[in-house]
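Just so you know, the sequences run in chain order A and B. Following this note's numbering, the numbering of the first sequence begins with 50 at its first residue and continues without gaps. Following this note's numbering, the numbering of the second sequence begins with 12 at its first residue and continues without gaps. We treat Cβ as the ideally placed atom computed from N, Cα and C, and that holds for glycine. First the structure, in the form of C-alpha cells, and then the observations on it.
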Amino acid sequence: MNRKSFAPIFFVGPHFILFIIFICLPTIYGIYASFTKWNLINDPVWVGLDNYRTILSDTSSTFYTQFFNGLKNTLIFVGLSVPILIALPLMIAVALEHKQVKLKGFIQAVLYIPGLISISAAALIWLLIFNKQLGITGNVFGSETVWAANQPYAWIIIIVITVWGGVGGNMIIYRASISGVSKELYESAEMDGAGPIRRFTSITLPSIRFPLIYTFVMTTAGAFNVFGQPLMMTDGGPRQSTTVLMMYIRQLAFGHGESIAGMASAMAVLLGLVILVISALQYYVMNRNAS
Amino acid sequence: MKKRWGITLVVLAISAMLTACGGDDKNTITFWTPLTGEDGSYMDQLVKEYNDTNPEIKVKHVITSDMYTKISTVLNSGKGVPDLAIIHADRVPGFVRQGVLEPMTAVMEAQPELKEDNYLPQAWTTGNIDGVQYTVPLDIHSNVMYYNKDLLQKYNAESFLDDNVVTIDEMLSLQGKLEEGDYVVNDALLGWVIMAQIQNLGGDIQENGQPAVNTEAMKQAFLEVKKIADAGLMTPFGEDGYLMFQAGNVLFSTDGTWSSTAHASVEGLNFDVTNIYSTSADKFTNRASSHLFAMLKNDNRTDEKEQGIGEFLEFIRQNSMEWAKAGQIVASKQVIENPEYENYIQSFFTSNEDEIKSLYIYTYEYYPYVAEAVDTYAADIVRGNVDLDETLQTMQKFVEDKIAEGNTQGE
Chain A
50 MNRKSFAPIF FVGPHFILFI IFICLPTIYG IYASFTKWNL INDPVWVGLD NYRTILSDTS
110 STFYTQFFNG LKNTLIFVGL SVPILIALPL MIAVALEHKQ VKLKGFIQAV LYIPGLISIS
170 AAALIWLLIF NKQLGITGNV FGSETVWAAN QPYAWIIIIV ITVWGGVGGN MIIYRASISG
230 VSKELYESAE MDGAGPIRRF TSITLPSIRF PLIYTFVMTT AGAFNVFGQP LMMTDGGPRQ
290 STTVLMMYIR QLAFGHGESI AGMASAMAVL LGLVILVISA LQYYVMNRNA S
Chain B
12 MKKRWGITLV VLAISAMLTA CGGDDKNTIT FWTPLTGEDG SYMDQLVKEY NDTNPEIKVK
72 HVITSDMYTK ISTVLNSGKG VPDLAIIHAD RVPGFVRQGV LEPMTAVMEA QPELKEDNYL
132 PQAWTTGNID GVQYTVPLDI HSNVMYYNKD LLQKYNAESF LDDNVVTIDE MLSLQGKLEE
192 GDYVVNDALL GWVIMAQIQN LGGDIQENGQ PAVNTEAMKQ AFLEVKKIAD AGLMTPFGED
252 GYLMFQAGNV LFSTDGTWSS TAHASVEGLN FDVTNIYSTS ADKFTNRASS HLFAMLKNDN
312 RTDEKEQGIG EFLEFIRQNS MEWAKAGQIV ASKQVIENPE YENYIQSFFT SNEDEIKSLY
372 IYTYEYYPYV AEAVDTYAAD IVRGNVDLDE TLQTMQKFVE DKIAEGNTQG E
C-alpha cells in the first residue's frame, strides 16, 4: 500500500472523530428526541409527529404560544441586531483605514475586548449602568424609566450589550480583508476621480464579498441562538416580550420540575430549520448578486 | 493492512479515554449539592469537620451548579451517579414516581436517631411518599419578611407586629403617610408570597391530584396583594426592591431566610424578621422549601457506603449549627433546641408551635410547574399589566399542558 494514501486520514481523522462524537451524534439524538416524550431520566416514548403538531397547529396549547412568541421575539432580535452588527463594524473598519487615524491597534483592541468578557459579567455591568437608582442613565441623563421593565427600552438594553460585545469580532474580519485589497486599485480610482463613497462601493465592498457573506450568515445564525443577553438583562420581560425561543427551550428541558425534553427538542429542531433556511437564502442571494 | 489496524486502535483508545472519564471510588462518598455561593462554603466546612473525625469512608463534597441536569445525565448513563445528594423538597414526588430515589430504610436502621421525632415535622414528612422515607432533611428555607425597625418606628407602625401577623389591611393603613421614595413592601419572591396567601385563604394548588391554579383562592390571593400595589405602597415595577430595602427605603422585604446574612452586612440597616404578611390576622403562612439528603438509584453503592452515609447524616444531625450561619432554619431538633441557636435571627421561626406550623412546604407532585406558572405571571398580575381572569386561565393551561407532556413516563 502506498504510504501517502494515509496522510489525508491523519489530517481529517481527529476532526472527523470529534465531529461525529460532539456534533453528529448529539444532533441525530436531538432529532430523535423531538419525536418522543422524554423527561431525560426514563426512556423516551415514541410519539411520532405529535410534538410538531402541537407546536405548529394546536393554537390552544401553551407550547404553541411559547414557540411562536419565542420565534417572534427571536426574529425581532435578529432584525435589530444583525444589521447593526454588520454595518457598524464595517464602518469602523473602513474608518480605521484612513491615513490620519492614529492608534489603530489600540482602537481595535478597545473595541475587541468586550467580546472576550463573559455575558454574565458584562450584563451585571450594564444592568448597573441602566439601573434607575444607581446607574448613569438615571443619575446623569435623568432617565426616569426602569429600562428592563418597559418596552422599547428592554430591547434597547439587550441590543446595546449585544452590539457592545459583538462589534469587535466582525470588525477584525473586515479589517483583515480590507488590508488585503490592493492599494493600487484605490490609487488608480482616485486618479480617475472616484470619491470616497464610490471607492467604498466599487472597490472595497466587491473585494470583501466573501468575508461579508461569511459574517452575515454567521452573525445571523448566532443571533437566532441568542440566550444570554435577554436572560441576564430582562429575564424575558416585560410580559414575555423579550423571551426568546432558546429561553423557552431551556425552560422546558432544564427548567422547574420534570423535564419536557421531547417538546424542547422539537422546538430546537424547528429553530435549527429556520436558521438553515435563512442562512441558505442569505448565501444564495448574496452570492448571486455578487457574481 | 497493519497500519489500518493501528488507526483503528488509536480510534478505540480515544473513545475509551472519552468514556472512561469519571469512576467510582470505593473509599469516598461522593456528595453532590446545588449549593453555590456562600452556602457551599458552609457545607464545605461541615464536610471538613466530619472528615476530621476520621470516618472509615470520607465524604467528598462536590458543588454542582445545574445539578438537576447533571443528575438526569448520570442517571441515564448509569455512570458517575453520586452516592449522596442534596435535593429540594419539591423534587421528591417527581423523583420517586420516576423511580430514581433509593429509600433511606437501611440508613435509618443503622442510625436509629435518624427518625421523624428528631426533625422538624414538615421537613421530615416531605420526604415520605406512601409510607416510605426517601430523604433526611438538612434544613427548611423559607420565605420570610424582614422589617426595617427604624422605618417602622418613624411611621408609627410598630403595632403591626404585636400579634406577629402583619395584615394587608395594616399595610394599607399607611397609604398617604409615606415620604416620597419610601415604600411599605417590596416585591421580592412575589410568587412565594402568593403561594402563602393561598394557604391563608384556605385554598390549595391541587384537587384530587389535578392542578388547581385557576381557583377562587388564587384569584383572591392576587387581588389582595394587588391592593398593596394599587395603593402605591409596593416598590415600583421592575425596580430592585431588595436593594431598596437594604438602602433603607422600604419597611418590609419579603425575601428568604438566607438573605439575613446579606442584610446583616449592610451598615446602618437596623432590621429584624417576622412572618410574611397575610390576608387575615387569624392565619399566617411562610411558604418554605427544604434541602434534603437523598440517595439516587445507584447499583454500585455498597452497603459500606450506605453505612458511611448514615454516619455522616447522624453527624450532621448533631453538628449542623454551622448551617445556621447560612441563615437557614436547621431541621435537626437537637440543633434548634440548643441555646446557641437563639443567636440566629431565623430561630424566630422555631420559637413556638405556631411558628413551626407556619413553615409550609407544598408537596403536590406538580408543584414545580404551578410555581413556575405563578412566578412567570405574578408580577404582571399584581401590577395590573394583564387581565387577571384571562391570565389565570393561561396559567391553568400552562400547568396542564406541562403535566400532559409527562404523563406517559415513569410508569
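Ends of the beta strand (DSSP E) at B:I98? By 1-based counting over the second sequence, the position of residue 98 of chain B is 87. Unbroken beta strand (DSSP E) run through B:I98: L95 to H99.
At a cut of 8 Å, does the segment 321-334 of chain A reach the segment 257-271 of chain A through at least three beta carbon pairs? With a cut-off of 8 Å, the segment 257-271 of chain A and the segment 321-334 of chain A count as touching, because enough Cβ pairs lie within range.
Strand pairing of A:P255, partner residues [DSSP]: Counted from its first residue, the first sequence places residue 255 of chain A at position 206. For A:P255, no pairing in a beta bridge is given by DSSP.
Does any CB atom of chain A fall closer than 8 Å to the CB of B:A382? For the purposes of this step, residue 382 of chain B is taken as residue 371 along the second sequence, with counting starting at 1. It does; some Cβ of chain A falls within 8 Å.
Below 8 Å between beta carbons is the criterion; list the residues of the segment 286-300 of chain A that meet it against any residue of chain B, in chain order. Considering only beta carbons, the part of the segment 286-300 of chain A lying closer than 8 Å to chain B consists of G286, P287, R288, Q289 and Q300, in chain order.
Quick check on DSSP: helix, strand or coil for A:V323? Along the first sequence, read from residue 1 onward, the residue named residue 323 of chain A stands at position 274. A:V323 carries a helical assignment under DSSP once its states are collapsed to helix, strand and coil.
B:G435 to B:L399, Cα distance in whole Å? In the structure as shown, chain B begins at 12 and stops at 422. Residue 435 of chain B is therefore absent and cannot be evaluated.
Using a Cβ cut-off of 7 Å, which residues of the segment 247-278 of chain A contact any Cβ in chain B, in chain order? Those would be none; no residue qualifies.
Endpoints, the alpha helix (DSSP H) within which A:M295 is located: The count along the first sequence starts at 1 and reaches residue 295 of chain A at position 246. A:M295 -> alpha helix (DSSP H) spans L294 to F303.
Mark B:S289 as exposed unless 16 or more other C-beta atoms lie within 10 angstroms of its C-beta, in which case mark it buried. Residue numbering aside, residue 289 of chain B sits at position 278 when the second sequence is read from its first letter. With 16 or more other Cβ atoms within 10 Å, it is buried.
Output the boundary residues of the beta strand (DSSP E) element that contains B:D386. Against the second sequence, residue 386 of chain B aligns to sequence position 375. Run containing B:D386: none in the beta strand (DSSP E); it sits in the alpha helix (DSSP H), Y378 to V393.
On a CA-only basis, which of B:S264, B:D386, B:E67 and B:V393 is nearest B:S236? Give me that one, please. Locating residue 236 of chain B in the second sequence gives position 225, where the first residue counts as 1. At residue 236 of chain B the sequence reads Val, which differs from the Ser that was named. For the options B:S264, B:D386, B:E67 and B:V393, the alpha carbon positioned closest to that of B:V236 is the one of B:V393.
Please return the same chain residues whose Cβ sits closer than 6 Å to the Cβ of A:F276, not counting the five positions on each side in sequence. Taking the first residue of the first sequence as 1, we reach residue 276 of chain A at position 227. Residues of the same chain with a CB within less than 6 Å of the CB of A:F276, apart from the 5 flanking positions on each side, are M295 in chain order.
B:G33 versus B:N281: straight-line alpha-carbon distance, rounded: Here residue 33 of chain B refers to the residue found at position 22 when the second sequence is read from its first residue. Here residue 281 of chain B refers to the residue found at position 270 when the second sequence is read from its first residue. For B:G33, the pLDDT reaches just 45, beneath the cut-off of 50, and the residue's location in the model is therefore unreliable, although a value from the coordinates is still provided. Those two C-alpha atoms are separated by around 49 Å.
Run the CB neighbour count on A:A225, radius 10 Å, all protein chains shown included, and call it buried at 16 or more, exposed below. Reading the first sequence from its first residue, position 176 is the one you call residue 225 of chain A. A:A225 should be labelled exposed.
Can you tell me the Cα-Cα spacing of A:T253 and A:N219, whole angstroms? Within the first sequence, numbered from 1, the residue matching residue 253 of chain A stands at position 204. Within the first sequence, numbered from 1, the residue matching residue 219 of chain A stands at position 170. Distance between the alpha carbons of A:T253 and A:N219: 15 Å.
Cross-strand partners of A:W95 (DSSP beta bridge): By one-based count along the first sequence, residue 95 of chain A stands at place 46. BP columns for A:W95 point to A:T85.
Starting from B:L370 and walking both ways along the beta strand (DSSP E), at which residues does that stretch end? For the purposes of this step, residue 370 of chain B is taken as residue 359 along the second sequence, with counting starting at 1. Per DSSP, B:L370 belongs to the beta strand (DSSP E) from L370 to I372.
Using the Cβ count rule (16 or more neighbours within 10 Å means buried), how would you classify A:Y333? As a first step, residue 333 of chain A is located in the first sequence; it is residue number 284 there, counting from the start. Burial call: exposed.
Answer yes if the segment 44-64 of chain B comes into contact with the segment 73-88 of chain B, meaning at least three C-beta pairs across the two stretches below 8 Å, and no otherwise. Put simply, the segment 73-88 of chain B touches the segment 44-64 of chain B. At least three CB pairs are less than 8 Å apart.
So which residues of chain B does A:M312 contact, with C-beta pairs closer than 7 Å? Counting from one through the first sequence, the residue named residue 312 of chain A turns up at place 263. Within 7 Å of the CB of A:M312, the CB atoms of chain B belong to E416, in sequence order along the chain.
Run through chain A and tell me which residues come within less than 7 Å of B:N311, C-beta to C-beta. Counted from its first residue, the second sequence places residue 311 of chain B at position 300. Simply none; closest approach about 18 Å.
Spell out a yes or no on whether the segment 296-312 of chain B and the segment 112-130 of chain B are touching, meaning 3 or more CB-CB pairs, one atom from each, closer than 8 Å. As far as the Cβ criterion goes, the segment 296-312 of chain B touches the segment 112-130 of chain B, which means the pair count is three or higher.
B:E250 vs A:K181 beta-carbon contact at 8 Å: What you label residue 250 of chain B is simply residue 239 of the second sequence in a count that begins at 1. What you label residue 181 of chain A is simply residue 132 of the first sequence in a count that begins at 1. The Cβ atoms of B:E250 and A:K181 lie closer than 8 Å to each other.
Kindly identify the DSSP beta-bridge partner or partners of B:F304. Numbered from its first residue, the second sequence carries residue 304 of chain B at position 293. Answer is B:I97 and B:V147, bridged to B:F304.
A:G306 at chain B interface by Cβ criterion, 8 Å: As a first step, residue 306 of chain A is located in the first sequence; it is residue number 257 there, counting from the start. Answer yes: the Cβ-Cβ gap between A:G306 and chain B drops below 8 Å somewhere.
CB contact flag (A:F112, A:V96, <8 Å): Taking the first sequence and counting its residues from 1, one reaches residue 112 of chain A at position 63. Taking the first sequence and counting its residues from 1, one reaches residue 96 of chain A at position 47. Pairing A:F112 with A:V96 gives a Cβ-Cβ distance that is not under 8 Å.
Please list, in chain order, the residues of the segment 241-254 of chain B that have any C-beta partner in chain E closer than 9 Å. Included in the structure are the protein chains A and B, with no chain E among them.
Beta-carbon proximity list for A:I133, same chain, < 6 Å, skipping 5 on both sides: Mapped onto the first sequence, residue 133 of chain A falls at position 84. Cβ neighbours of A:I133 within its own chain (closer than 6 Å, five residues either side excluded): V212.
To the nearest angstrom, report how far apart A:L176 and A:W196 are at their CA atoms. Taking the first residue of the first sequence as position 1, residue 176 of chain A is located at position 127. Taking the first residue of the first sequence as position 1, residue 196 of chain A is located at position 147. Near 9 Å, if we compare the C-alpha coordinates of A:W196 and A:L176.
Among B:T313, B:W269, B:T246 and B:S276, nearest to B:L262 - alpha-carbon criterion: Numbered from 1 along the second sequence, position 251 holds the residue referred to as residue 262 of chain B. For B:L262, the nearest C-alpha among the options comes from B:T246.
Please report whether the beta-carbon of B:F409 lies at a distance below 8 Å from any beta-carbon of chain A. Position 398 of the second sequence, counting from 1, holds the residue named residue 409 of chain B. Yes, its Cβ sits closer than 8 Å to a Cβ of chain A.
B:R10 by DSSP, collapsed to three states: which one? In the structure displayed, chain B extends from 12 to 422; residue 10 of chain B sits before or after that span and is not available.
Alpha helix (DSSP H) segment containing A:M220, residue limits: Position 171 of the first sequence holds residue 220 of chain A. For A:M220, the enclosing alpha helix (DSSP H) stretches over residues Y202 to S228.
Taking DSSP as the reference, what is the three-state secondary structure of A:A172? Within the first sequence, residue 172 of chain A is the residue found at index 123, counting from 1. It is helical.
Can you give the beta carbon distance from A:G286 to A:A198, rounded, assuming they're within the 8 Å contact cut? Here residue 286 of chain A corresponds to residue number 237 of the first sequence, with the count starting at 1. Here residue 198 of chain A corresponds to residue number 149 of the first sequence, with the count starting at 1. A:G286 to A:A198, Cβ: 6 Å. Contact.
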